[in-house]
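Residue 619 in my numbering sits at position 193 of the sequence shown, and the numbers go up by one each step.
Heads up, the thing below is written out as structure tokens.
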Amino acid sequence: MEEAFMQRTVTCGELRAKNEGKSVILNGWVARNRDHGALHFINLRDRYGVTQVVVDDDATDELEKMAGSLKMEYCIAVKGIVRKRPDEMINPDMETGEIEVKAEKIEILSECATLPFMIEEENNAREDLRLKYRFLDLRTGGMQKRIRLRHEVVKAIREFFYKTDFYEIETPTLVKSTPEGARDFLVPSRIYPGKFFALPQSPQLYKQILMVSGFDKYFQIARCYRDEDPRGDRQLEFTQLDVEMSFVKRDDVLLLMENLFNYVFKSVMNIDLPSHFRRITYQEAMEKYGSDKPDLRFGLEIGDASDFAAKSTFNAFTETLSEGGVVRYIVAPKTEGHDYTRKYLAELESAAKIYGAHGLAWMKVEGGKLSGGVSKFFAGMDEEVLSQTGAKDGDVILIVAHKDFKKCANSLGAVRNKLGAELGLIKPGYEFCWIIDFPLFEYNEDEGHWEAAHHMFSMPQAEYIDTMEEEPGKVKGDLYDLVLNGYELASGSIRIHDIELQKRVFRICNFPDDVAQERFGFLLDCFKYGPPPHGGIAPGIDRLCMILAGQSSIKEVIAFPKNTAALSPMDDCPSYVEQKQLDELHLAIADKKDE
Ligand code: ASP
């Protein structure tokens, strides 16, 4: 039989003054052990909170010795009596701060090795150390709260979908490799030498097939895998809420999501969101905010400078315009305690250049006149420029000229985001918006053909269908993105359910009929059997939780993420496998990088 231990009767978070006199057993970890001579104060922690345990000066020698031997993060059991703290000892910052437990017996359940870092509210150790000892990192207050928040979010999502009559259906993680945008993770088949499964980039095709099968309201909390190079805050695997519905139009999907986010924010954060979110067309978002995921927590709109730029004597502007390009501006506002030094203007220019700007021209406004930078090319135009841009004394007008609208917009969008963050313009809160009317196709310069901006299963808007092939770049799709605080939170679309139309889209995206049949034949075949009109969306759960937790990295809301080099320092993966395993899979490794 297993050795008995003093099993808890209460958690470390639940005792209050009303429990005075109660005999209890607590189990938990030693978060602190202060020794005041014969007196010991031990903070005992578990998932539910922290309780102060006191070993009084009337304790037996054995108990006192035991208390003195307890090191940080030992896992222990304490039996004792709840007592009220004297008034001056009440700790209002601790939920159990009115009481303490006078220990009668302490048992060590297990010891703890020397800690690589302190288990505190937030862990400031470097990321790889945190991830190597993730089991300890997860004990810190911040991680405990965030994992709980994530649980609450997922729970609320499920509650919402169960209430609204959706089925939760699992789809496979071993799937056919289909070109869906990113690179597939491949899984070699042992049974069929030379053949591979892929891990799904998303359940996209399965959820569409489920619609053909009649499951008209489907959702799933789905794990998705994309074999991409480590960049920014990406993970090789991430979680999305995958949703699909039949017999719906765009607005039905948008309304469902508005109701979902209202429900989740109310239940998890007690926040009331507006019942509908603002809708902005892709074109308007690019023009005003220089981004298809605008942060609406601050203003700073971008404007068209072509009118006054055309009248200037600055060749870079006039030539760009005469060649059909664009000249656009943003006004950096005068801000207390902030100087637009040359160094800072150069930093803004670097931010713009990342997105393709050749430069960032500037002019300051001083005493109602333009000064510095390119102002000499606007001689006598002060009033005109100031009235068009609305710039005032102390402001700086920043201008980008480019032959390509998108590059110009994105460059100024990057400047806008930098100014928003660094000038402290971002208001607290949650600003949702829908971005609609996206282009359906994008031109892939490297490969020299059109490709789907979202994915190839999205419906073109009706008015473009007949002439789609003539100018693919002009076609708008029945696509929508949900944006929150400058992050793309979800993407979705109304889908094609007509074989011929689907084949035409494949062809435009460089998949001739035979290739399309070989890759996507199962979908095309399925569409022969009465496919319903359908559409869906997929919000990212990691990102949603990150925003709700006020974090800037999704790693903070994932229990076991990979590091920035796409490795897991804790269990050291990926790792080499035995030759026998490779043989079974009919694989040979051509070169091992680090041997
Ligand atoms: N499958 C899409 C994605 O993962 C989302 C959707 O269209 O529903 O981005």
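Just so it is clear, CB atoms sit at the ideal spot from N, CA and C, and this is done for glycine as well.
#### Entry: Nearest candidate by alpha-carbon position, reference D997, set G439, I468, G523, L555
Walking along the sequence shown from the start, residue 997 turns up at place 571. Nearest of G439, I468, G523, L555 to D997, Cα basis: L555.
### Query
Three or more beta-carbon pairs under 8 Å between the segment 862–882 and the segment 631–648, yes or no?
no
### Message
Helix, strand or coil for A539? Go by DSSP, reduced to three states.
### Response
Numbered from 1 along the sequence shown, position 113 holds the residue referred to as residue 539. DSSP places A539 in coil when its eight states are reduced to three.
### With 16 other Cβ atoms within 10 Å as the buried cut-off, status of R471
Counting from one through the sequence shown, the residue named residue 471 turns up at place 45. Per the 10 Å Cβ criterion, buried.
### Query
Among S449, E546, E530, L441, which has the Cα closest to the Cα of D484?
Along the sequence shown, read from residue 1 onward, the residue named residue 484 stands at position 58. Looking at the Cα atoms, E530 is the closest of the given residues.
#### Entry: Member of P619, I852, A777, N989 whose CA lies at the smallest distance from the CA of P720
Your numbering for residue 720 matches position 294 in the sequence shown. P720 has its Cα closest to that of I852, out of P619, I852, A777, N989.
### Inside the segment 477–551 only - alpha helix (DSSP H) runs reaching at least 4 residues
487–495
#### Entry: Burial state of E982 (16 or more Cβ within 10 Å)
The sequence position of residue 982 within the sequence shown is 556, counting from 1. So E982 counts as buried.
### Message
Check for me: the beta strand (DSSP E) holding I861 runs from which residue to which?
### Response
For the purposes of this step, residue 861 is taken as the residue at position 435 of the sequence shown. Its beta strand (DSSP E) spans residues 858–862.
### Message
In the DSSP output, which residue or residues are listed as bridge partners for G454?
### Response
Here residue 454 refers to the residue found at position 28 when the sequence shown is read from its first residue. Answer is I502, bridged to G454.
### Query
CB-CB under 6 Å to E727, same chain, minus the five flanking residues each way: which ones, in chain order?
Counting from 1 along the sequence shown, the entry for residue 727 is found at position 301. Cβ within range, chain order: K714.
### Boundaries of the alpha helix (DSSP H) in which D1009 is found, first to last residue
Against the sequence shown, residue 1009 aligns to sequence position 583. Note, D1009: alpha helix (DSSP H), 1005–1010.
### Message
If you reduce the DSSP assignment to three classes, tell me which class Y955 lands in.
### Response
Working through the sequence shown from its first residue, we reach residue 955 at position 529. If DSSP states are grouped into helix, strand and coil, Y955 belongs with coil.
### Message
Between S672, H784, S776, R842, which has its C-alpha nearest L722's C-alpha?
### Response
The residue given as residue 722 occupies position 296 in the sequence shown. The option with the nearest alpha carbon to L722 is R842.
### Message
With H, G and I counted as helix, E and B as strand and the rest as coil, what does DSSP make of H764?
### Response
Looking up residue 764 in the sequence shown gives position 338. Three-state DSSP puts H764 in a strand.
### Message
Please return the same chain residues whose Cβ sits closer than 7 Å to the Cβ of V508, not counting the five positions on each side in sequence.
### Response
Walking along the sequence shown from the start, residue 508 turns up at place 82. Correct list, in chain order: L441, N445, E446, G447, K448, V450, I525, V527.
### Query
Are the beta-carbon atoms of L631 and V613 separated by less than 8 Å?
Indexing the sequence shown from 1 puts residue 631 at position 205. Indexing the sequence shown from 1 puts residue 613 at position 187. Not a contact, by the Cβ cut-off of 8 Å.
### Query
Among residues of its own chain, excluding the 5 on either side of P629, which ones have a beta-carbon nearer than 7 Å to its beta-carbon?
As a first step, residue 629 is located in the sequence shown; it is residue number 203 there, counting from the start. Correct list, in chain order: T597, Q646, A648, D668.
### Query
Just how far apart, CA to CA, sit M492 and V436?
Counted from its first residue, the sequence shown places residue 492 at position 66. Counted from its first residue, the sequence shown places residue 436 at position 10. So the two alpha carbons sit approximately 22 Å from each other.
### Task
Tell me whether L470 sits in a helix, a strand or coil according to DSSP, three-state version.
Reading the sequence shown from its first residue, position 44 is the one you call residue 470. Looking at L470 - three-state DSSP - the assignment turns out to be strand.
### Task
Tell me, to the nearest whole angstrom, how far the beta carbon of D653 is from that of F611; I am working on the premise that it is less than 8 Å.
As a position in the sequence shown, residue 653 is number 227, starting the count at 1. As a position in the sequence shown, residue 611 is number 185, starting the count at 1. Sure, about 5 Å apart at Cβ, within 8 Å.
### Query
Roughly how many angstroms separate the alpha carbons of T665 and G793, rounded to a whole number?
Translated into positions along the sequence shown, residue 665 becomes position 239. Translated into positions along the sequence shown, residue 793 becomes position 367. Going by the C-alpha atoms only, they are around 54 Å apart.
#### Entry: Test item: CB-CB of F864 and K832 under 8 Å
On the sequence shown, position 438 is the one that residue 864 refers to. On the sequence shown, position 406 is the one that residue 832 refers to. No, Cβ-Cβ distance for F864 and K832 is not below 8 Å.
### Query
Is it true that the segment 914–921 meets the segment 966–985, where meeting means three or more beta-carbon pairs spaced less than 8 Å apart?
yes
### Message
Could you compute how far the alpha carbon of M695 sits from the alpha carbon of S738?
### Response
Translated into the one-based positions of the sequence shown, residue 695 becomes position 269. Translated into the one-based positions of the sequence shown, residue 738 becomes position 312. Roughly 52 Å separates the two Cα atoms.
### Query
Name the DSSP bridge partner or partners of R649?
Within the sequence shown, residue 649 is the residue found at index 223, counting from 1. Bridge partners of R649: T665.
#### Entry: A943 CB to nearest heavy atom of the ligand ASP below 7 Å
Indexing the sequence shown from 1 puts residue 943 at position 517. Per the sequence shown, the amino acid found at residue 943 is Gln instead of Ala. Flag unset: Cβ of Q943 not near the ligand ASP.
### Message
For a quick check, are the C-beta atoms of A817 and I780 less than 8 Å apart?
### Response
Walking along the sequence shown from the start, residue 817 turns up at place 391. Walking along the sequence shown from the start, residue 780 turns up at place 354. Contact flag unset, no.
### Query
Taking the alpha-carbon positions, what's the D756 to L747 distance?
Here residue 756 refers to the residue found at position 330 when the sequence shown is read from its first residue. Here residue 747 refers to the residue found at position 321 when the sequence shown is read from its first residue. Note that residue 756 is Ile in the sequence shown, not Asp. Cα-Cα distance, rounded: 18 Å.
### Message
Given this structure, state the Cα-to-Cα distance separating H577 from A464, to the nearest angstrom.
### Response
Numbered from its first residue, the sequence shown carries residue 577 at position 151. Numbered from its first residue, the sequence shown carries residue 464 at position 38. The alpha-carbon atoms of H577 and A464 are separated by roughly 43 Å.
### Query
Name the DSSP bridge partner or partners of C999?
For the purposes of this step, residue 999 is identified with residue 573 of the sequence shown, where counting begins at 1. Paired residues: S994.
### Query
Is any heavy atom in the ligand ASP found nearer than 7 Å to the beta carbon of S615?
In the sequence shown, residue 615 corresponds to position 189, counting from 1. No, the Cβ of S615 stays beyond 7 Å of every heavy atom of the ligand ASP.
### Query
Using CA coordinates, which residue listed in K1006, K571, G899, P995 is at the minimum distance from K558?
Indexing the sequence shown from 1 puts residue 558 at position 132. Comparing Cα-Cα distances from K558 to each of K1006, K571, G899, P995, the minimum goes to P995.
#### Entry: Assigned secondary structure, T707 (DSSP; H/G/I helix, E/B strand, else coil)
Counting from 1 along the sequence shown, the entry for residue 707 is found at position 281. T707 falls in the strand class under three-state DSSP.
### Query
For A787, which of helix, strand or coil comes out of DSSP?
Locating residue 787 in the sequence shown gives position 361, counting from the first residue. Reduced to three states, the DSSP call for A787 is strand.
### Message
Which same chain residues end up closer than 6 Å to P957 when comparing Cβ atoms and leaving out the 5 residues on each side of it in sequence?
### Response
The count along the sequence shown starts at 1 and reaches residue 957 at position 531. V638, H923.
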